[in-house]
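Chemist:
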Amino acid sequence: MICRRTFMAASAASLALPRFAMAERALGSGTLMSVSDGNLVLPGSFIFEPMPQDALGPIITEFGLSRDELMPECNLALYHDGTNTVLFDAGSGPDFMPSAGSLLDGLGEVGLTSDDITHLVFTHAHPDHIWGLLDDFDDLTFPDATYMMGRAEWDYWWNPETVNTIGEARAAFAVGAKRRMEVIEDAVEFFDDGQEILPGIAAISTPGHTPGHMSFEIRNGTDAAMILGDAVANHHVAFVKPDWPSGSDQDMPLAAKTRMALLDRLVADDVSLVGFHLPGGGMGRAEATDDGYRFVPERA
3 MICRRTFMAA SAASLALPRF AMAERALGSG TLMSVSDGNL VLPGSFIFEP
53 MPQDALGPII TEFGLSRDEL MPECNLALYH DGTNTVLFDA GSGPDFMPSA
103 GSLLDGLGEV GLTSDDITHL VFTHAHPDHI WGLLDDFDDL TFPDATYMMG
153 RAEWDYWWNP ETVNTIGEAR AAFAVGAKRR MEVIEDAVEF FDDGQEILPG
203 IAAISTPGHT PGHMSFEIRN GTDAAMILGD AVANHHVAFV KPDWPSGSDQ
253 DMPLAAKTRM ALLDRLVADD VSLVGFHLPG GGMGRAEATD DGYRFVPERA
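Under the numbering used here, residues 3 to 302 are what the sequence shown spells out, in order.
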């Protein structure tokens, strides 16, 4: 199991990835891009521990991974339709780990500031997705944005029993989420599965990584894309063996079921995707293989 202290100790030693990896594409008359918040530094066991270790070996080799340390990118989706500028998730902020929390710099790289964000939509409330809601002074990073979160996700983290039932390794996640949610309690707008939360943006329930995790389908004209959050959280095992349990998921069996259904849908609909922890800016497509899937990045 992993706790915030382990995250911090690992990340302090390694700030290796480029901090502003970004991909961009037209989406109908709108623009979809990814903005970097840096990267995480994780012990490999955080993901690999519950997997069949012998069968995992060839995948480790194929993708050039380390069993000891992983450094996934953190790529936030940003969609501008000519009226709204919608940011999906808020990044890590200053308090999670040194290698992440550079979202404002990432926005600056694409000519934006926090004041330009009209809507902040959360996939879920893990630290690297919500802790950036507050800045170094505990003020709102996006004070003028409309905040939106799935009702089930909000209810889970708002429940005072969550900190006692989530497990010791993730207790700090619950405390940190609740502290930030309290700041926006009177301003947040809730939505449910299948709801069109903004013009052309529909919420899709993708539970398992967290109980109320949401993905989002964006449609503009005949073009479409899917914002995955952490429903498909890496470019290697999650695609090659989506049915395997991942230690990063709170409900591993449910997350695997969700992941398989989501990858099936992405391939069948042939739509672009943005994954929070996928490489090359996180944007690309899913393709079916003989016995699984593969991630094909938009940007080589």
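Here a beta-carbon is modelled for each residue, glycine too, at the ideal position from N, C-alpha and C.
What you are looking at is a predicted structure, and each value in this text was computed from that prediction instead of being measured.
(1) Assign A23 to buried or exposed, taking buried as 16 or more other Cβ atoms, counted over all protein chains shown, within 10 Å of its Cβ.
(2) When burial is assigned at 16 or more other CB atoms within 10 Å of the CB, is A92 buried or exposed?
(3) Using CA coordinates, which residue listed in D195, R182, S101 is at the minimum distance from E75?
(4) For the beta strand (DSSP E) containing N41, name the first residue and the last one.
(5) State the Cα-Cα distance for the pair H121 and K243, rounded to the nearest angstrom.
(6) With DSSP run on the structure shown, which of helix, strand or coil describes R287?
(7) Could you tell me which residues DSSP pairs with S274 in its beta bridges?
(8) Spatial neighbours of H339 within its chain, please: C-beta separation below 7 Å, excluding the five flanking residues on both sides.
(9) By the three-class DSSP mapping on this structure, what secondary structure does G282 have?
(10) Please classify Q252 as buried or exposed, where buried requires at least 16 other C-beta atoms within 10 Å of its C-beta.
(11) If you run the structure through DSSP and keep just helix, strand and coil, what is G103?
(12) For I203, which beta-bridge partners are listed by DSSP?
(13) Just checking my contact of M99 with V43 at CB under 8 Å: how many whole Å lie between their CB atoms?
(14) In the DSSP assignment, the beta strand (DSSP E) including A79 goes from what residue to what residue?
(15) If you draw a straight line from the C-alpha of M285 to the C-alpha of L80, how long is it?
(16) Does E155 pass the burial test, meaning 16 or more other C-beta atoms within 10 Å, or should it be called exposed?
(17) State buried or exposed for D39, treating a residue as buried only when at least 16 other CB atoms are found within 10 Å of its CB.
(18) In three-state DSSP terms, what is F48?
(19) Pull the bridge partners of E71 from the DSSP assignment, please.
(20) Cβ of G231 within 8 Å of Cβ of S248?
(21) Alpha helix (DSSP H) containing H131: first to last residue?
(22) Of all the options L78, W159, D293, G59, which has the alpha carbon lying nearest to the alpha carbon of E187?
(23) Along the chain, where does the beta strand (DSSP E) that runs through E26 open and close?
(24) I need the straight-line Cα distance from G95 to M228, nearest angstrom please.
(25) Nearest to S47 by alpha carbon, out of G277, E289, S250, G282?
(26) How many angstroms separate the CA atom of E219 from the CA atom of A226?
Modeler: Reading from the atomic positions:
(1) Note on A23: pLDDT 43, under 50, position unreliable in the model; the coordinate value appears next. Counting Cβ neighbours within 10 Å, A23 comes out buried, since at least 16 surround it.
(2) buried
(3) S101
(4) 32–41
(5) 34 Å
(6) strand
(7) A227
(8) Lying outside 3 to 302, the shown extent of the chain, residue 339 is not represented and no answer is given.
(9) coil
(10) buried
(11) coil
(12) L200, I220
(13) 7 Å
(14) 75–82
(15) 11 Å
(16) buried
(17) buried
(18) helix
(19) P45
(20) no
(21) 129–132
(22) W159
(23) 26–29
(24) 24 Å
(25) S250
(26) 7 Å
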